[in-house]
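Working notes for the structure below.
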Amino acid sequence: MIEMDWRVRYEIALGATRGLEYLHHACERPVIHRDVKSSNILLEEDMKPKIVDFGLAKIVPNLKQLLNEEASGLVEPFTLMK
Numbered sequence: 006m007i008e009m010d011w012r013v014r015y016e017i018a019l020g021a022t023r024g025l026e027y028l029h030h031a032c033e034r035p036v037i038h039r040d041v042k043s044s045n046i047l048l049e050e051d052m053k054p055k056i057v058d059f060g061l062a063k064i065v066p067n068l069k070q071l072l073n074e075e076a077s078g079l080v081e082p083f084t085l086m087k
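Residue numbers (our numbering): 6 to 87.
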C-alpha cells in the first residue's frame with residue numbers, strides 16, 4: 006500500500022473534482038456520472054486521478070432541467086421523523 010500525505014490526498018480530491026466539473030460544465034452535452042465513489046477514481050503513476058466506470062452515466066441535454074427533476078423527488082429528512 007502506498008502511503009500518502011495530506012497534500013497528495015488533497016491534490017487527488019482536487020483533480021477528481023476538476024474531472025467532474027469538466028463532465029458537468031465543459032462538455033457540449035453534460036455527463037452525469039451517477040456512481041462516484043473511491044473505487045471509480047483510479048490513480049496514474051504520478052497520482053493524477055482518472056474517473057472511470059461510466060456504466061450508470063447519463064448524457065443530458067439540459068443540466069438544470071435534470072437537476073430540477075431529480076431534486077423534486079427528494080424529501081427532507083425532518084419530514085420523515087414525525
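Even for Gly, the Cβ is constructed at its ideal location relative to N, Cα and C.
In this text, all values refer to a predicted model and were calculated from it rather than measured experimentally.
- Within the segment 19-76, the complete beta strand (DSSP E) segments of 3 residues or longer fall at 46-48, 54-56, listed in chain order.
- When only Cα atoms are considered, Arg34 and Val57 end up about 18 Å apart.
- With contacts defined as CB atoms closer than 7 Å, His38 and Ala62 qualify as a contacting pair.
- In the structure shown, the three-state DSSP call for Ile17 is helix.
- By the neighbour-count definition (other C-beta atoms within 10 Å, threshold 16), Ala18 is an exposed residue.
- In this model, Glu26 and Leu47 are separated by some 17 Å (Cα to Cα).
- By the neighbour-count criterion, in which a residue is buried when 16 or more other Cβ atoms sit within 10 angstroms of its Cβ, Ala21 is buried.
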